[in-house]
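Notes follow the structure.
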Amino acid sequence: MDAPLIIAAPSKGRLKEQVEAWLADCGLRLEAEGGARGYMGRLKGLAGAQVRLLSAGDIAEALDAGDVHLGVTGEDLMRERPGDLSGRALLLRPLGFGRADLVVATPKSWLDVDSMADLEEVAHDILARTGRRIRVATKYILQTRAFFARHGLADYRIVESGGATEGAPAAGAAELVVDITTTGATLEANGLKVLSDGVILRSQAQLAASLRAEWTTFQMTAAQTLLRQVEARAAARASATLTWPEPATGAEAVIAGLVAQGASRRLNGLLLPAGDLAAAGQALSRAGLGPVTASQPDFVFESDSPGWNQLRAKLRP
Numbered sequence: 474m475d476a477p478l479i480i481a482a483p484s485k486g487r488l489k490e491q492v493e494a495w496l497a498d499c500g501l502r503l504e505a506e507g508g509a510r511g512y513m514g515r516l517k518g519l520a521g522a523q524v525r526l527l528s529a530g531d532i533a534e535a536l537d538a539g540d541v542h543l544g545v546t547g548e549d550l551m552r553e554r555p556g557d558l559s560g561r562a563l564l565l566r567p568l569g570f571g572r573a574d575l576v577v578a579t580p581k582s583w584l585d586v587d588s589m590a591d592l593e594e595v596a597h598d599i600l601a602r603t604g605r606r607i608r609v610a611t612k613y614i615l616q617t618r619a620f621f622a623r624h625g626l627a628d629y630r631i632v633e634s635g636g637a638t639e640g641a642p643a644a645g646a647a648e649l650v651v652d653i654t655t656t657g658a659t660l661e662a663n664g665l666k667v668l669s670d671g672v673i674l675r676s677q678a679q680l681a682a683s684l685r686a687e688w689t690t691f692q693m694t695a696a697q698t699l700l701r702q703v704e705a706r707a708a709a710r711a712s713a714t715l716t717w718p719e720p721a722t723g724a725e726a727v728i729a730g731l732v733a734q735g736a737s738r739r740l741n742g743l744l745l746p747a748g749d750l751a752a753a754g755q756a757l758s759r760a761g762l763g764p765v766t767a768s769q770p771d772f773v774f775e776s777d778s779p780g781w782n783q784l785r786a787k788l789r790p
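Letter by letter, the sequence shown follows residues 474 to 790 in the working numbering.
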């Protein structure tokens with residue numbers, strides 16, 4: 474029996490709910506084995522796959538180690554793992570949820586500090602006056618170091634945070650923080666502000682593939698099926714169809730113009746970007762076609778699959 478494609482999905486919280494809703498929308502219902510608290514599962518609609526339910530941090534680690542083939546977790550967690558991400562994993566698809574920004578935040582009382590350049594000056598001044606480096610509380614050590622290096626900031630030391638990072642300045646444990654924020658409300662409540670150029674990463678949930686896992690032909694075929702399905706659903710959400718009952722006599726010029734703008738022909742109809750729907754429908758009706766009916770497809774399967782092409786190219790010896 475062929476070994477299954479192993480997919481890691483979040484085991485709890487809001488991200489778990491969002492991933493399950495996304496999969497269900499793609500026609501792939503996640504079913505936990507052993508009841509609601511089970512930590513294994515399967516995707517109804519995708520044969521040959523096994524789901525492991527893990528924390529978001531453990532998913533990033535499992536992708537890194539090659540213990541799973543595919544997983545959904547935050548981009549911030551993937552980029553915080555040691556080593557070049559491009560050699561460890563492939564980010565196949567941003568999912569539009571689980572959004573959070575990794576930011577540099579300083580006390581609001583630092584009125585003259587608005588940018589990383591200002592922060593560099595303050596850090597240098599503190600070192601000159603006190604002989605100590607400015608302290609930065611964070612869980613995101615690798616990304617903090619890389620970002621500060623890009624901005625030429627060297628006079629600092631990291632205080633690794635194990636709890637509520639945003640409270641470190643008020644507690645006297647650090648002068649500033651690098652942390653994840655979604656609305657900024659927690660930073661605001663702790664008297665902190667985000668620097669104008671202090672956004673390190675605009676993170677969101679990503680469908681990622683491990684480049685360190687062992688991939689068989691069977692597992693790659695299952696991955697291709699999954700990728701084609703989620704891409705087809707995403708294409709459908711961004712598309713619409715216009716149809717009419719009779720041959721388009723006299724409206725060929727209008728149809729050709731819409732095709733030139735990105736629509737594609739269907740039998741007595743067009744598939745086009747959803748945002749062009751109203752203008753295209755009116756143009757066709759003015760050309761004498763009608764009634765022109767609009768609808769949205771459930772899936773749009775193309776002959777090509779960008780995600781599969783990327784993965785295949787990375788896995789090919």
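Note that beta-carbon positions come from the ideal geometry of N, C-alpha and C, so glycine has one too.
Beta-bridge partners assigned by DSSP to D574: T654, R675. The C-beta separation of L680 from V524 comes to about 13 Å, leaving the pair out of contact by the 8 Å criterion. For S676 and D531, the gap between their C-alpha atoms comes out near 17 Å. Taking C-beta atoms under 8 Å as the contact rule, A533 and T654 fail to qualify, at a distance of about 19 Å.
About 6 Å separates the beta carbon of L626 from that of A596, a gap short enough to meet the 8 Å contact definition.
At a Cβ-Cβ threshold of 8 Å, A760 and G723 count as neighbours. The beta strand (DSSP E) runs lying completely inside the segment 529-595 and spanning 3 residues or more are 543-547, 562-567, 573-580, given in chain order. Counting every other CB atom within 10 Å of its CB across the protein chains shown gives V732 a total below 16, marking it as exposed. Annotation: the segment 587-638 contains the following complete segments of the alpha helix (DSSP H) (minimum length 4 residues), in chain order: 589-603, 614-623. Distance between T716 and G664, taken at the CA atoms: about 57 Å.
C-alpha of L649 to C-alpha of T579: approximately 5 Å in a straight line. Counting of Cβ neighbours within 10 angstroms places F774 among the exposed residues, the total staying below 16.
In the DSSP secondary-structure assignment, P483 is bridged to L527.
Beta-bridge annotation (DSSP): R515 is paired with E504. Beta-bridge analysis with DSSP links S683 to A562. With a contact defined as Cβ atoms closer than 8 Å, D549 and R706 miss out at about 25 Å.
In this structure, the CA atom of A786 is about 21 Å from the CA atom of P477.
Within the same chain, and ignoring the five residues on either side of G640 in sequence, the residues whose Cβ sits closer than 7 Å to its Cβ are N663.
In the structure shown, R789 falls within a coil segment according to DSSP collapsed to helix, strand and coil. For L496, the CB contacts under 6 Å within the same chain, skipping 5 residues up- and downstream, are L503 in chain order.
Between P764 and G735, the alpha-carbon positions lie close to 22 Å from each other.
In this structure, the beta-carbon distance from T714 to L668 does not fall below 8 Å. Secondary-structure assignment with DSSP links T714 through a beta bridge to L744, S768.
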